[in-house]
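Shown next, in structure tokens, is the structure this report addresses.
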Amino acid sequence: MNNWITPQDSSYHFGGIQNIMRFEQVHNMRKISHPFKSIKSQALTDLQDNGFAVIKNVFSEDEIQNLLSEFENALETGKCKTDPYYSTVLDPLINCPSIIQASLKEDLTNVVSSFFDCVPSLGTLNFRRSYPNPGQPVTTQIFHCDPNSVSFIKCFVYLNDVPAKEYGPLTLVPESLSKKPANWLSKYRWPEEEMKQLYGDDCLKYLTASAGDLIISRATLGFHRGTPPIARDRTMLTLNYVIHPEEWKEPIFKMSKENYLNMTEEQKPFADFLVKV
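All residue numbers for the sequence shown refer to my numbering, where the first residue is 306 and numbers rise by one.
In structure tokens form, the structure reads like this:
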């Protein structure tokens, strides 16, 4: 019999009661400094009730192609870190500036701001291509819980269709958003077999979607992974929205001062935790 803990238990969260109290303090401050009147939507309801929402066709074909072109250029000009599993763009907001406008799409910002009852900031992000690889899964391909904050939103944009498990979808264990084993901190990476032992054989949720769809999730506080693609490469943009610098560390993600100055006053809070260079 498993001993379970829930989000009401401080031990459910990285950093325990200390991080919970710090989060509540900065959340209250940000609701005063950057208030936002919640906008009701099906996506917000799904996010609150289920831990994730999928909004169809948020990004146009042209927007997807612009992002892909910038990715290919970064790959060709040595601005990616590449290994047999991944190619990841370095300084993505500098080398692929179309990400900035992608991160400010109203369909996205309205939901994340409504969730927090205030305007959050972009925190960390990645722009990555995952390659089929016959080896064992590595790093984020193995189930884990994100330590970024007591509460944050992670958004995913597939730049190619991901219609089935073989194409490498984000994969959640939805039940882990409401309970975790008491020993969940005994290790960071958990194999699929242990997830099924804990939560049942049908515990996995494969978040398939088309290129241009938007996945908004708070469920990465629970167990999740990026399932390794088998059928073909998968290119994905991941954006984190937070109300404090992630893991309470100094921000390291950069954007150009010029692009920051070109943002509207309403948009600039979304860059609060970015380094302007």
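Quick reminder that beta carbons are idealized off the backbone N, C-alpha and C, glycines included.
Contact check, residue i vs residue j, beta carbons under 9 angstroms
i, j, result
"Ile360", "Val416", "yes"
"Glu480", "Gly527", "yes"
"Thr476", "Lys501", "no"
"Ile535", "Pro437", "yes"
"Tyr472", "Thr513", "yes"
"Asn431", "Pro397", "yes"
"Val462", "Thr525", "no"
"Cys423", "Ser346", "no"
"Asn465", "Ala407", "no"
"Met541", "Ser435", "yes"
"Ile458", "Val547", "yes"
"Leu519", "Cys460", "yes"
"Thr414", "Phe575", "yes"
"Cys508", "Val478", "yes"
Cross-strand partners of residue i (DSSP beta bridge)
i, result
"Asn545", "Lys459"
"Ala469", "BP columns for Ala469 are empty, so no partner."
"Trp495", "Phe448"
"Ser435", "Tyr391, Arg539"
"Arg530", "Thr476"
Pairwise C-alpha distance: residue j and residue i
i, j, result
"Leu349", "Leu380", "35 angstroms"
"Asp451", "Ser316", "14 angstroms"
"Trp309", "His318", "13 angstroms"
"Asn333", "Thr382", "44 angstroms"
"Lys581", "Lys573", "12 angstroms"
"Asn307", "Met560", "46 angstroms"
"Leu409", "Tyr391", "26 angstroms"
"Lys426", "Asp412", "The sequence given here places Ser at residue 426; Lys does not occur at that position. Using only the alpha carbons, I get a separation of about 16 angstroms."
"Gln441", "Phe357", "28 angstroms"
"Ser483", "Arg523", "12 angstroms"
"Ser343", "Glu368", "27 angstroms"
"Arg496", "His549", "At residue 496 the sequence reads Pro, which differs from the Arg that was named. Cα to Cα, the separation comes out at about 31 angstroms."
"Gly320", "Pro556", "19 angstroms"
"Val443", "Gln323", "31 angstroms"
"Phe341", "Glu498", "42 angstroms"
"Glu563", "Phe578", "16 angstroms"
"Asn453", "Lys336", "20 angstroms"
"Asn355", "Asn362", "21 angstroms"
"Ile399", "Tyr493", "31 angstroms"
"Asp388", "Glu366", "29 angstroms"
"Gln313", "Pro474", "29 angstroms"
"Gln370", "Phe364", "10 angstroms"
"Cys385", "Arg537", "19 angstroms"
Cβ distance (whole Å) where residue i is taken to contact residue j below 8 angstroms
i, j, result
"Lys470", "Thr532", "6 angstroms"
"Ser456", "Phe328", "7 angstroms"
"Thr445", "Arg530", "6 angstroms"
"Phe420", "Leu352", "6 angstroms"
"Phe545", "Glu551", "Here residue 545 turns out to be Asn, not Phe, going by the sequence shown. Going by Cβ atoms, the distance from Asn545 to Glu551 rounds to 7 angstroms, so yes, they are a contact pair."
Cβ contact (3+ pairs, closer than 8 angstroms) linking the stretch 398 to 410 and the stretch 366 to 376: These segments touch.
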